[in-house]
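Protein chains in written order, with full-length UniProt numbering: chain A, 1 to 527; chain B, 1 to 446.
The beta carbon of each residue, even a glycine, is placed where N, CA and C say it ideally should be.
All values derive from a computational prediction rather than experimental measurement.
See below:
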């Protein structure tokens, strides 16, 4: 496909920085109602008229790739099309309220949050959900903090979290943040968890096993039940990283596989826009035994409305005021996910906030990334059972079809929504740069490490047959290019190959730093 | 004609025609998609969630009804979540799909636009804080504070383990901080407030050689402007502790520059610019001095050059991050709040320094003026301290919950801090209703 990305500017640079368009210095203290010692002496910032601002950011937008521009098959990132109606729903002015409102005056917000908690619980086969974590990694942290609180509550002395080598980097960082030692599990020859290696790694020190399923090369962990039993028998918990949930929608649920805790990447699975890096949202689902440890507050149907006698039938909604009958510790086995889910809240149902009995506390200043949660709820209602099931079907069909068109080896299978092709004796990062010239975004490169020169590719369900063929063509053309051609690539993007080494060796992280660098070089040349 | 998306039975966002699907299945040698799945029967699910598919119009109508259940109250609420009028051009430009539907700039050549916007955001924060490094966002002020505390553990690991924070700290910040430090050697302790800002004598007693981090806010959670930040900074410095200041970009445009009072780190809620009231969604401001460059959490955009020697931007110093460094990363953060940062930068550039300082000045004058009007009422005292205020202040009444309930009936939302204390936040969005609020307070307290 012919493609040339927009390029503004001159031989030296692209669109000028805001600070190169305007820079105004003033003394904020002058004429202030505050005494001089409380105000700053100077402030120098750009100020643009609205037409100038519109032009600046429109140009920047044209120098940026996006899902709406073309394929964006970043493996493990699930770059789906983000439907416009969900943006429109999130922009409802009635939803734009302050988080400290009296809950009785924001029943609409609570209805949505409660509905989303229920949807996610059902989709994941979990018993209770918190919507507070603001991103996937924050969800991981919340989930591991819940596991830690559970173990501490029951006097279980645990020090290790087991993580497969192929896992997302966030898993390792999360476990370390929570104060656990990381035990890295090598992959088996078939690309899945090596059950014997796991058996050797699991011990009474095991707090949790963090697992992605399908894993990061798209393989389903066929031995999941055995894995779960092994971890549970040692008194550990099973954590599900929800990054790849799009592959399983309607076909398998983490709760049914024996997972005790999971996070949902709603910006991936439920198609909310990734915003150039965020915001996302990382709700966490748990089984009943862990529900008392979830962050506070959660949303439930109002006690007076749902249950006249003040006793809650659903143990996941017990709060600190209820008579505690929490599980007595030890291994978690066979939980019942018969959830009594109801899709439609009646308009007169009332909702309230409550603090779970042994809550770990807060993981966000307020209640998370609200504008993302609204979109996810709207998306799930739009798709319904049939749409969700079709999403996993077409995501997996697309990945398999695309892989079948590549002149590259895909070492493991059968894969689902994503696959890791190998660039073989070519440098995967160079091949990716070559692909940029064909009007597509390349896949995730050089990860996971179990595949040499990996190109981790996740086309998602939103590409049609022809688009996949164009994408395959970009892979095949680029991988067939000579080294010289690849090293010269890209040529059609706003910037040609960017010098990463120079950026890191001499960090210039603000326009102030550019000024200093420029002044330094001017001084040097003036001497 | 609404096209394939109107049909039932599939995802409206999977574009395949029946013929295309058949051809793809055929090419793969399978009869249907289900054959592609490698899921053992024992853990397979039947797809029945009980969620009906709905058309777009129905979903929008349902959600409109849902949100219409929210009471229409004029909010005088702050305490860490602030909103100012956001011009339509910010909504319009930030909603361009090229920004909204992109992701992290792993391929800088094709994402120069967002990289430049984030570089500009970082630069605006560098100017506002006076520190030389700002990252391109944390989740919110609470996460930023917690990450700053963890930073102190990494850079001053030998000199102590106590994190000192104000006793009067927003619950969500304290709670998030407690969770983040739970896996480290740090413990969180508090220092008292006097007259709604730091009690310097008590703080001097609290700081010792075990202190690794001292946190002060200006404005504080009750809107008081800290009168002597430099003294707090000196106390931290004398004990070799990191000094962290919490604020927001509107306040920073007028108040003392944190770097000039010795701040090593500045955190706060940058969503005060660019983000409408959004039920607590935020934008974590994180800035620090250059010496901590290699220990910064989160993403950084730096300037570089491309193969034609033209200026280009790129994510940099990524060896700090989880996708490279795994359990030795400076943070587990991956997805951040980049789009909110884009909006904050747009809003700042729209206002310019005059507009920003003017907005900040209004936050001071309007708070003082509304406080004075309330104070003039019988049985009402405002503010409850002798400080200068930014946006908000405390209000003493006989029966705070009762007064708040009466105000709610009259269409106003205010904070209730305890039986005798309310808190009122005044911004450009509600100042026109301030006289009505004062009249309502008069009526309710009469």
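Among the residues facing chain A, residue 63 of chain B is included, as its CB has a counterpart in that chain under 9 Å away. Going by DSSP, residue 114 of chain A is part of no beta strand (DSSP E) but of the alpha helix (DSSP H) stretching over 107 to 124. Per DSSP, the beta-bridge partners of residue 239 of chain A are A/210 and A/261. For residue 336 of chain B, the chain A residues whose Cβ falls inside 8 Å of its Cβ are 135, 277, 278 and 279, in order along the chain. For residue 348 of chain B, the enclosing alpha helix (DSSP H) stretches over residues 338 to 375.
Its Cα nearest to that of residue 271 of chain B, the residue B/247 stands out among B/60, B/247, B/63 and B/373.
Put simply, the CB of residue 378 of chain A is near chain B, with a gap under 9 Å to one of its CB atoms.
Along the length of the region 135 to 211 of chain B, whole beta strand (DSSP E) runs at least 3 residues long occupy 162 to 166 and 187 to 191, reported in chain order.
When DSSP states are grouped into helix, strand and coil, residue 215 of chain B belongs to the strand group. Excluding residues up to 5 positions away in sequence, 413 lie with their Cβ nearer than 6 Å to the Cβ of residue 75 of chain B in the same chain. Residue 430 of chain B does not reach chain A, its nearest Cβ partner there being about 11 Å away, counting only Cβ pairs nearer than 8 Å. Secondary structure at residue 303 of chain B: strand, using DSSP grouped into helix, strand and coil. Under the three-state reduction of DSSP output, residue 375 of chain A falls in the helix class. Proximity of chain B to residue 123 of chain A at the Cβ level (cut-off 7 Å) is accounted for by 49, in chain order. In this structure, residue 415 of chain B sits near residue 79 of chain B, with a CB-CB distance shorter than 9 Å. Look at residue 232 of chain A here: in three-state DSSP terms it is helix. The beta-carbon separation of residue 426 of chain B and residue 439 of chain B, rounded to 15 Å, does not stay under the 8 Å limit for a contact. Three or more beta-carbon pairs separated by less than 8 Å link the region 381 to 401 of chain A to the region 245 to 260 of chain A, which places the two stretches in contact. Cβ contact annotation for residue 417 of chain B (same chain, cutoff 6 Å, sequence separation greater than five): 423, in chain order.
Sequence-ordered contacts of the region 311 to 325 of chain B with chain A read 311, 312, 313, 314, 315, 316, 317, 318, 319, 321, 322, 323, 324 and 325 [C-beta pairs closer than 9 Å]. Taking a contact as a CB-CB distance under 8 Å, the pair residue 145 of chain B and residue 214 of chain B does not count as one, their CB atoms being some 12 Å apart. Of the residues B/379, B/304, B/174 and B/190, the one whose Cα lies closest to the Cα of residue 314 of chain B is B/304. When the Cα atoms are used, residue 125 of chain A and residue 381 of chain A turn out to be separated by approximately 18 Å. Interface criterion met: the Cβ of residue 305 of chain B is under 9 Å from a Cβ in chain A. Counting only the Cα atoms, residue 82 of chain B lies some 25 Å from residue 377 of chain A. Proximity to residue 274 of chain A across A/68, A/501 and A/11 peaks at A/68, based on C-alpha coordinates. Here DSSP, grouped into helix, strand and coil, assigns residue 254 of chain B to coil. Between residue 225 of chain B and residue 203 of chain B, the C-beta gap is not smaller than 9 Å, which leaves the two residues out of contact. Assigned with DSSP and collapsed to three states, residue 455 of chain A falls in strand. No Cβ-Cβ contact shorter than 9 Å links residue 95 of chain B with residue 336 of chain B.
Residue 73 of chain B belongs to the set of residues whose beta carbon lies under 9 Å from a beta carbon in chain A. If you look at residue 442 of chain B, you'll find it in the alpha helix (DSSP H) that goes 434 to 445.
Under the 8 Å Cβ criterion, the region 127 to 140 of chain A does not count as touching the region 101 to 114 of chain B, having fewer than three qualifying pairs.
Taking C-beta atoms under 8 Å as the contact rule, residue 266 of chain B and residue 230 of chain B fail to qualify, at a distance of about 15 Å. In the displayed model, residue 232 of chain B falls within a helix according to three-state DSSP. For residue 141 of chain A, no beta strand (DSSP E) segment is defined; the enclosing uninterrupted segment is the alpha helix (DSSP H) at 136 to 153.
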